[in-house]
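Protein chains in written order, with this note's numbering: chain A, -8 to 279; chain B, 183 to 495; chain C, -8 to 523. Cβ coordinates follow ideal geometry from the N, Cα and C atoms, glycine included.
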Amino acid sequence: MSELSLSQDAAPAQKPSRIRMALRKPGFMVGATIIGISTILALFPGVFAPYDPNFIDYTAVRQPPSWLHPFGTDLLGRDSFSRVIWAYSVNMQMAVLATIFALIIGVVIGALVGYYRGIADMIFGRVVDAIITFPFLVLVIAVVAVLGPGLVNMYIAITLVGWVYYARLMRAEVISQMGNDYASAGIVMGYSDLRIIFRHLLPNAITPIVVYWMTDMALAILLGSSLGYLGLGAQPPQAEWGVLIAEGRNFITTAWWLSLMPGIAIVLTGLGFSLIGDGIADLLRPRG
Amino acid sequence: MAGIQYTLNRLVLMIPTFLLVMIIIFLLVRLLPGDPAIAIAGDKASDADIAAIREKLGLNAPLLAQFWYFLTNTLQGDLGRSILLRAPVLDVILARLPTTIFLAVYAISLSILIAGPLAFLAAVNRGRWQDNLIRAVFQVGLSMPVFYIGLILLTFLAAQLRLFPVGGYGETFWDRMYHLFLPAVTVALYTSAILMRNLRAAIIEVLDAEYVQFARAKGLPSRLILGRHVLKNALISTVTLLGLSIGQLMSGTLVTETVFAVPGVGRLMLEAIFARDYPLIQGLTLTFAVLVSLVFLMTDLFQSWLDPRMRLS
Amino acid sequence: MKAAALAVGLAMSTALGAFTIGTADAVERGGTLNFARYDGSKLVDPIYADRNPDIWMVGSLFSTLLEPTADGTDLVGSLAESYEVSADGKTVSLVLRDGVKFSDGSPVTGEDVVFSLDRARNPDLGPWAGLLSAISSVSADSGNITISLENPDPALLSMLATFNTAIVSKKAFEAAPGATDQEKSAALFAKGGPGLGSGPFYLSGFEQGASMAFTANPHYWKQGEDGKPLPYIDGVNFQIIPDDATRVLKLTAGEVDIAEFIPFSRVAELDADPSINMNLFPSTRIIYSPINTREKRADGSPNPLADKRVRQAINYATNKEALIGLVLQGAGKPMSSPVMSSATRLAVDMSPLYGYDLEKAKALVAEAGLEPGTEVTLTTLAGSADDATIFAALQQMWQPIGINLVAEQVDGATRGAKNRSGEFDIHTYGWVDDVNDPSQVTGWLGYYPTRKAVGTGWNNADFNTLYEASSTEMDSEKRADQYKQMQEIYAEAAPLLFMYETPFAVAVSGKVDGYLQTPLGNNVFENVSLDR
């Protein structure tokens, strides 16, 4: 998206509001629309889903799509459309809960070690090195294996591994901000360390964190559904996209709709978050 | 001289990291729920059998002593015996590792082949439809879970159209290339999407750089400009990026091996986890860590060789 | 008891020949069978095989002295030509078949038999030694084998037809590198090992966790229909494909000839495919759920399931046919004997065993004074689609009798630990007989000293006494009666949720003839032939 912002750099000196700029970017708008709709579906699945997602009806097993069941029914006669819709609340929840704690922990630790440096920073450096030495998924599934499969344990596992990335980003930002005048001014003026960190450094350093967070939410959905597919994440009968794809997997040639629909939901939501992330990155990019 | 110094520094830094890695792996496995002795003995064993196994495995020793054994044994190349496969963990892993490395290298080559030309095409035509189309396609690719891509390829290209085999990994080199084509494409689609993005940005950066603009203004043939500046920049950025995404690549192979029934270490990891085969989980996690840090090291050295300024960090 | 002497020989090959009816005119020889497995063998050594993927392959590589007849109700000679049990039941004499050889052409001798049986009953080695604890000594005088027993054991003959007593080569073990028996075994079965077999095949290739190959034993003693030695095929190549969908794809794409463990949801679809024979082999596999019968739960709270009437009620409230429809797509049947599959010997057909009767269930819970909304936990296997379905169905079915079923998902090892410690209400479980005798499964499910009656804590003195008596009872009628009584006691006490029996679902390409999976699960390749 960078060239789009380039063209806007030529705009008149008067700065247009960020919101108005965002509206001009088709990518961002598409992303925002997708995530907006997804959020509504996630908050009120019952309003949009015609059936109870877990109701078993053994008289209507594996039916093809029809007006009654737009995505057909699954092996147990459950309505696939309702299950995909209800899964929105699980998967959107995943995007937030798998990332938010990592973000908070990472930002705080990153800011502290970036500000104080010294021995804590050295230890931090080794810990980061050690954790990023493991492939993300390998470490997450190893932690899930320890804690046992399930959504909550999956959130814990992703947080335990994921905070490092936020912390690393935050630390680098804080260190680069420290070189700026206002930080040294704060120190000269005798502000408390906490005030400098949280009132001055953090707000200025948060931009890349927010951008990364958007990408991370997309990744969390991908990761969460992969774990669900592998049997380590959300557990059936709970409706979750990865679980739904795994359930439909055996019928991919005979009842393709069972695994196609949740797949489309994953791709759309992931796309939504990435587009928003790109849009924000462009908007917040400091310009010369 | 400086290069050797740098390499040594880099290696020394790896020691504490590795100690931490070992601690993480050790703790992970000690915290596994379910008695590993029960996992070994199986459901039909008596309580006495289980007590005997606990004793034999040293599970009754203090935690620190257990860690010391784990550390010294690992350094001597003894990773214990797999419960699931009843063989030394090291042998089991070494038998499966070549398949995974083959798949990874195959996937990397494919991603370069896919991403390189497309990134160049997109960068040169920036803002035009070619650029937008290429980026849109990759954007969608990035939003697809690896298992889903694999599932689609498997169903349509292998099962329906019968263009490729459904699973297995072949005997000879070419046979293996053929068998592993779909798995490699599955992994490569994801990495190539990341690579394309960054490569495109790197090429644009060079094209916009003042010295290139200047050279252009001076009337130097564009082929020369591209060859000298763009390629070098693109190479550095490719190596860095591939090095950094080795973890993702490994994660991708783990899932892909499961979907395509490729008998590599990734599938083994999942089998080990489902079977609670804790020596094997330990050994595999360590293997992944070693692989990744080796790649990191190589990337670092290669980078510093290409661009000595980077050594300063 | 009268001495039972049986001469077997010719009768036996006709019995086995029955499997290949339909190809009688001209059996084609040669070709290699490609077989997709759900899980790999680790060590196909008779005495160390402890997981089904190992156990079920032993018979293809190593023959036992006796073997069950095709219908599983009787025993006939295999490597032994005849057997005889003494009047007091304490001596078994067998005569080795003339000219039986290992795959390298060396003869199978009495020494090999003594070595194999001594190995099998050594409690320091494999996990199955306990099944042979009645044996006090084994001796051989060339081809005449004498097994002396400390006490009569009605299951002993069945044990001689069981995988763990299969005959291995003493010479090969002595020549193998390694100090202990375990090391020698590992060396013999490792990749590139000599692969000496006494069965229809020998192990010719082994890639841990990925593939395995069997090659025909040219010296196998059984004759095919064409008068030449079995097996018809040159060998079997195994590929391990744990993923159900991929395994089926491999078969439909023609990359393998047989795919085992077909998910029941796909049986109908494969059955409709004219190029595939969808087999449902009868099995001894039962799916049931142990119920904690202790007065108190592990956390000290009162256990509503300690009341027999509540356990009976949940059994009545469970619609097994519906469950079979949902989980197995109809490819199964409700358990008809409470302690064993209907394919196990001495099983009493008590069907319908707790047939669906909601009114009776309601009356029983009312009589027991069960609080409506009582919470009961079902522990299931995480990642198991079947268990997820079972839970969802039971939750719906038990609601009307006032039980609020909640799920607890754990992995296999944790479930095993909970079963041992009694920290569960009800959990899913399954069983396949390893031995062609009811004593193993009955001991497992009901005899308290074995494993607290499959962890339920159910301890019934009458049942235990009957079980002990039956394990030395040589009179088959009396023994059958003891088993009948045990089954009646067990059914009434209902320490289990009795669920269903499932067959082995194996899809076989139309060009394959003669493949069989026995009720114990053993894969039998010796009569397989390929149309080429």
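For residue i, write down the residues that DSSP places opposite it in a beta bridge.
i	result
B/VAL437	Bridge partners of B/VAL437: none, in fact.
C/LEU85	C/TYR74 and C/ILE136
C/VAL129	C/ILE138
C/TYR193	C/THR206
C/GLN386	Bridge partners of C/GLN386: none, in fact.
C/ASP402	In the DSSP output, where bridge partners are listed per residue, C/ASP402 has none listed.
C/GLN524	Any answer about residue 524 of chain C is impossible in this case: the structure gives chain C only from -8 up to 523.
C/LEU271	C/ALA496
C/TYR420	C/TYR279
A/VAL21	In DSSP, A/VAL21 forms no bridge with anything.
C/VAL397	C/THR368
C/GLU58	C/VAL67
C/GLY226	C/THR23 and C/THR206
Suppose contacts are defined by Cβ-Cβ distances below 9 Å. Is residue i in contact with residue j by that definition?
i	j	result
C/GLU216	C/VAL18	yes
B/ALA375	B/ALA297	yes
C/ARG88	C/GLU72	yes
C/PRO486	C/PRO281	yes
C/TYR279	C/TRP422	yes
A/ASP112	A/VAL104	yes
B/GLN464	B/TYR372	no
C/LEU296	C/THR284	yes
C/MET490	C/LYS351	no
A/ASP70	A/TYR106	no
C/LEU511	C/TRP47	yes
C/LEU177	B/ARG449	Checking the sequence, you will find Ala at residue 177 of chain C rather than Leu. No; because the gap between Cβ atoms is not below 9 Å, this pair is not in contact.
A/ALA237	A/LEU213	no
A/SER250	A/ASN82	no
C/ILE158	C/ASP103	yes
Could you tell me how far apart the beta carbons of residue i and residue j are, in whole angstroms, since I believe they sit closer than 8 Å?
i	j	result
C/LEU344	C/PRO325	7 Å
C/LEU271	C/ALA313	About 20 Å separates the two Cβ atoms, so there is no contact after all.
A/PRO253	A/LEU235	4 Å
C/ALA236	A/ARG240	5 Å
A/PHE127	A/VAL143	Not a contact, Cβ separation roughly 19 Å.
Using CA atoms only, rank isn't needed, just tell me which of the options is closest to residue i.
i	options	result
B/LEU285	B/VAL322, B/THR435 and B/LEU303	B/THR435
C/PRO220	C/SER139, C/VAL367 and C/GLY90	C/GLY90
B/ALA304	B/LEU276, B/ALA457, B/LEU381 and B/ALA219	B/LEU381
C/HIS210	C/ALA376, C/SER412, C/VAL99 and C/SER274	C/VAL99
B/THR282	B/MET480, B/TRP311 and B/LEU466	B/LEU466
C/GLU479	C/LEU70, C/LEU457, C/LEU123 and C/LEU194	C/LEU457
C/ALA156	C/ALA444, C/LEU123 and C/LEU187	The amino acid occupying residue 156 of chain C in the given sequence is Thr; Ala does not appear at that position. Comparing Cα positions, the closest option is C/LEU123.
A/ILE96	A/PHE125, A/TYR49 and A/VAL155	A/VAL155
C/ILE224	C/THR509, C/LEU507 and C/VAL503	C/VAL503
A/TYR49	C/ARG411, C/ALA384 and C/GLU399	C/ALA384
B/PRO198	A/PHE264, A/PHE115 and A/GLY68	A/PHE115
A/ALA40	A/ILE257, A/TRP247 and A/ARG74	A/ARG74
B/LEU165	A/ALA121, A/TYR203, A/GLY233 and A/ALA211	Nothing about residue 165 of chain B can be reported from this structure: the residues present for chain B run from 183 to 495 only.
Please list, in chain order, all residues of the same chain as residue i whose beta carbon is under 6 Å from its beta carbon, the five residues on each side excluded.
i	result
C/TYR481	PRO329, VAL330 and GLY437
A/ALA148	VAL131, VAL134 and VAL135
B/ALA289	ALA366, VAL369 and ALA370
A/ILE311	Outside the displayed span of chain A (-8 to 279) sits residue 311 of chain A, for which this structure offers no information.
C/ALA304	ALA352, LEU355, VAL356 and ILE392
By Cβ distance below 8 Å, which residues in the same chain neighbour residue i in space, the five residues on each side in sequence not counted?
i	result
B/GLU237	none
Keeping to the same chain, check which residues put their C-beta closer than 7 Å to that of residue i; ignore five residues upstream and five downstream.
i	result
B/SER264	VAL271, VAL274, ASP459, PRO461 and LEU462
C/LYS241	ALA27, ILE232, VAL247 and ALA250
C/SER333	SER327, ASP340 and GLU492
C/ASN306	TYR345, ALA485, LEU488 and PHE489
C/ASN208	SER94, GLY188, GLY190, PRO191, PHE192 and TYR193
Answer yes or no: the CB of residue i versus the heavy atoms of the ligand MG, is any distance below 8 Å?
i	result
A/PHE19	Of the ligands one can find in the structure shown there are none, so the ligand MG has no counterpart to examine.
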